[in-house]
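Undergrad: Take this structure first; my questions come after.
In this note's numbering, the protein residues as written are 145 to 256.
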């Protein structure tokens, strides 16, 4: 199903007052578009890091259950990591660097 904006791409007006602008199909609230690009960038990095974390887990643990035991999380969380569909919370990344420093530094660090 495709949705079409009932307004022009440039401005949405109500009576004599401008409510916002349309940019890339999204209604902007008059706030800086940088806010939206920063969120988009963070979401892109989140997906990138989920894949990197998945690689770390698969290379260093026998199974999702093994990773779950090592990090104190439930099996469904570790399975999502294994599949690459979810990223870990910050405390888990901290535990990885604390308990597996060489492996974490090799797999998780940002590529220059």
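From the three backbone atoms N, C-alpha and C, an ideal C-beta is built for every residue, glycine too.
(1) Use the C-beta contact count for residue 192: other C-beta atoms within 10 angstroms, 16 or more gives buried, fewer gives exposed.
(2) Between 182, 184, 183 and 199, which has its C-alpha nearest residue 227's C-alpha?
(3) Under 7 Å, do residue 233 and residue 197 count as touching if we go by C-beta distance?
(4) DSSP on residue 233, reduced to helix/strand/coil?
(5) Give the range of the alpha helix (DSSP H) segment to which residue 253 is assigned.
(6) When burial is assigned at 16 or more other CB atoms within 10 Å of the CB, is residue 245 buried or exposed?
(7) Once the 5 residues before and after residue 239 are set aside, which same chain residues still bring their CB inside 7 Å of it?
(8) Tell whether a beta-carbon distance below 7 Å holds between residue 208 and residue 190.
(9) To the nearest angstrom, how far is it from the Cα of residue 210 to the Cα of residue 217?
TA: With the structure as the only source:
(1) The residue given as residue 192 occupies position 48 in the chain shown. It is exposed - the Cβ of residue 192 has fewer than 16 other Cβ atoms within 10 Å.
(2) Residue numbering aside, residue 227 sits at position 83 when the chain shown is read from its first letter. Considering only alpha carbons, the answer is 199.
(3) As a position in the chain shown, residue 233 is number 89, starting the count at 1. As a position in the chain shown, residue 197 is number 53, starting the count at 1. For the 7 Å CB-CB criterion, residue 233 and residue 197 do not form a contact.
(4) By 1-based counting over the chain shown, the position of residue 233 is 89. Here residue 233 sits in coil by DSSP.
(5) Start at 1 with the first residue of the chain shown, and residue 253 comes out as number 109. From DSSP, residue 253 is part of no alpha helix (DSSP H); its letter is neither H nor E.
(6) Locating residue 245 in the chain shown gives position 101, counting from the first residue. Exposed: under 16 other Cβ atoms inside 10 Å.
(7) Here the question's residue 239 lines up with position 95 in the chain shown. For residue 239, where only same-chain residues beyond five positions count, the Cβ hits under 7 Å are 215.
(8) Walking along the chain shown from the start, residue 208 turns up at place 64. Walking along the chain shown from the start, residue 190 turns up at place 46. For residue 208 and residue 190, no; Cβs fall outside 7 Å.
(9) What you label residue 210 is simply residue 66 of the chain shown in a count that begins at 1. What you label residue 217 is simply residue 73 of the chain shown in a count that begins at 1. Using only the alpha carbons, I get a separation of about 10 Å.
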